[in-house]
Amino acid sequence: MATAALFVAVLALVNYSAAGGFVLSDDYNPSNFFDKFNFYTGQDPTHGFVDYIDQSSAHDGGLIDASSGQIYMGVDHVNMAPNGRQSVRLESKTRYNSGLIILDLAHMPGGICGTWPAFWTVGDNWPNNGEIDIIEGVHDQSANKMTLHTGPGCAISANGGFSGSVGTTNCDVNAAGQGANEGCQISDSNSNTYGSGFNSNNGGVYATLWDSDAISMYFFPRGAIPGDISSGDPDPSSWGSPKAKFSGFCDISRTFRDHRIIFDTTFCGDWAGATWGNTACAARAGTCNDFVRDNPAAFQDAYWSINSLKVYQQQGAKRDNSSSLSPTGLSTLVTAPVATAPVSTTFSTPTPSAPAVKRSAPNDMTHMLPAKRFEPGSAGRMFEARRIEAVAH
């Protein structure tokens, strides 16, 4: 009897562990990284002074590389750029509805005048399927800002058990009393989380835990990365407080759907261009576009260097499975959730999805009311006039 009871107890423990653990679902590594992303080559939705080029051109021009054991994504730092500086914008072929996204990053493009790099996720039909900004900044910003953007009905608690500072709590891009498209934002104060400070410390790990309860973002500087991450057996419950935790008054599962992971480096545009005159960068050129056009060597260090990008899913969790969507719009298999278990359905999308519109956000030097963005696909992707309030911190 005692032996049987012990067996049941051990079995229950094993089942609990399996239900709560994380299993690797996607490993973006040097051998497959660029094959798992689409290269976006359209006009920049944020009106950046940038020329997004395709995979072949980027490879031939030295803007991408994976031969050294790291994934490199840079920009043209050799040529004058009268029509915008060449760069890449990569969008994952796989879509996600939950997961643990772990990015081990050795170097980011931030900390350079004129740049606006971002690592983020977004769904189609913006903002109704949500946007998650994990890393984002402009110019010589020194600390990271993390933001969600949604349609109506999503807000966060300011007392969520995290170490960052809450800037705004309503994630609705049209929220009354907030800047247009400001979203809900939590800022870090540590200079090793973005730009020059991040790079001088050889980077670190950003981990984003996205489940039905919350979207939590962690950062671990180089030298302080948890062993469970390094061993491939991540355990967020042992990591302590996140930098940001977006939870409280939002149905996460309904609001954030079918997201693709995006890396991009743009220049100037609706955020970096608009704040140029309020920064020390203004002493270097009359406008942001002028500086980016005429100073290729300034952007030699405007690159991403990725050690690894891994996406885990929680075992036993009730979630939507990720799905891989074709960029050409051919018949695609998509996993759709139902009450009991996922059901696969096949549908045809005649055209590629419109690019998601990236937001503008305050930086460390100014507070600004970003341009209100219309959802992708609207006529001309029109933008309302911006008003900017430059208020020194």
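Residues -19 to -1, 1 to 374 in mature numbering (1 follows the signal peptide of the UniProt record, and there is no 0) are what the sequence shown spells out, letter by letter. We put the beta carbon where it would ideally sit given N, CA and C, even for glycine.
- Excluding residues up to 5 positions away in sequence, 56 and 58 lie with their Cβ nearer than 6 Å to the Cβ of residue 280 in the same chain.
- In the structure shown, the three-state DSSP call for residue 273 is helix.
- Listed as beta-bridge partners of residue 293 by DSSP are 5 and 81.
- Bounds of any beta strand (DSSP E) do not take in residue 164, whose DSSP letter is neither H nor E.
- Take residue 8, set aside five residues on each side of it, and the residues of its chain with a beta-carbon closer than 6 Å to its own are 291, in chain order.
- Across the set 102, 65 and 158, the C-alpha of 102 shows the shortest separation from the C-alpha of residue 80.
- By a beta-carbon distance limit of 8 Å, residue 166 contacts residue 149. Their separation comes to about 5 Å.
- When secondary structure is reduced to three states using DSSP, residue 32 falls in the strand class.
- If you draw a 10 Å sphere on the C-beta of residue 49, you find fewer than 16 other C-beta atoms in it, and that means exposed.
- Across the structure, residue 107 and residue 155 are spaced so that their CA atoms are roughly 12 Å apart.
- Residue burial is scored here from C-beta neighbours: residue 85 has at least 16 other C-beta atoms within 10 angstroms and is therefore classed as buried.
- With a 10 Å radius around the Cβ and a threshold of 16 neighbouring Cβ atoms, residue 185 comes out buried.
- For residue 224, the secondary structure class from DSSP, reduced to helix, strand or coil, is coil.
- The residue among 237, 112 and 142 with its C-alpha nearest the C-alpha of residue 164 is 112.
- Boundaries of the alpha helix (DSSP H) harbouring residue 235: 233 to 236, taken from the DSSP string.
- Just so you know, the alpha carbons of residue 275 and residue 17 end up roughly 34 Å apart.
- In the structure shown, residue 58 falls within a coil segment according to DSSP collapsed to helix, strand and coil.
- Here the alpha carbons of residue 147 and residue 170 stand approximately 11 Å from one another.
- The shortest CA-to-CA distance from residue 249 to any of 2, 64, 39 and 44 is the one to 64.
- Burial of residue 26 is indicated by the presence of at least 16 other C-beta atoms within 10 angstroms of its C-beta.
- By the Cβ-count criterion, residue 31 is buried, with 16 or more other Cβ atoms from all chains shown falling within 10 Å of its own Cβ.
- Secondary structure remark: continuous beta strand (DSSP E) runs of at least 3 residues inside the segment 122 to 157, in chain order: 126 to 130 and 146 to 149.
- Membership of residue 197 in the beta strand (DSSP E) is indicated by the continuous run 196 to 202.
- The segment 234 to 242 makes no contact with the segment 254 to 263, as fewer than three CB pairs between them are under 8 Å.
- By the C-beta criterion, the segment 126 to 146 is judged to be in contact with the segment 187 to 202, since at least 3 inter-stretch pairs fall below 8 Å.
- Per DSSP, the unbroken alpha helix (DSSP H) holding residue 180 starts and ends at 176 to 181.
- Beta-bridge partners of residue 88 (DSSP): 286.
- The Cβ atoms of residue 193 and residue 226 lie no closer than 8 Å to each other.
- In the DSSP assignment, residue 243 falls within the beta strand (DSSP E) that extends over 241 to 248.
- Taken atom to atom, the span from the alpha-carbon of residue 297 to that of residue 3 is near 9 Å.
- For residue 21, the CB contacts under 7 Å within the same chain, skipping 5 residues up- and downstream, are 33, 70, 72 and 336 in chain order.
- With contacts defined as CB atoms closer than 8 Å, residue 61 and residue 217 fail to qualify as a contacting pair.
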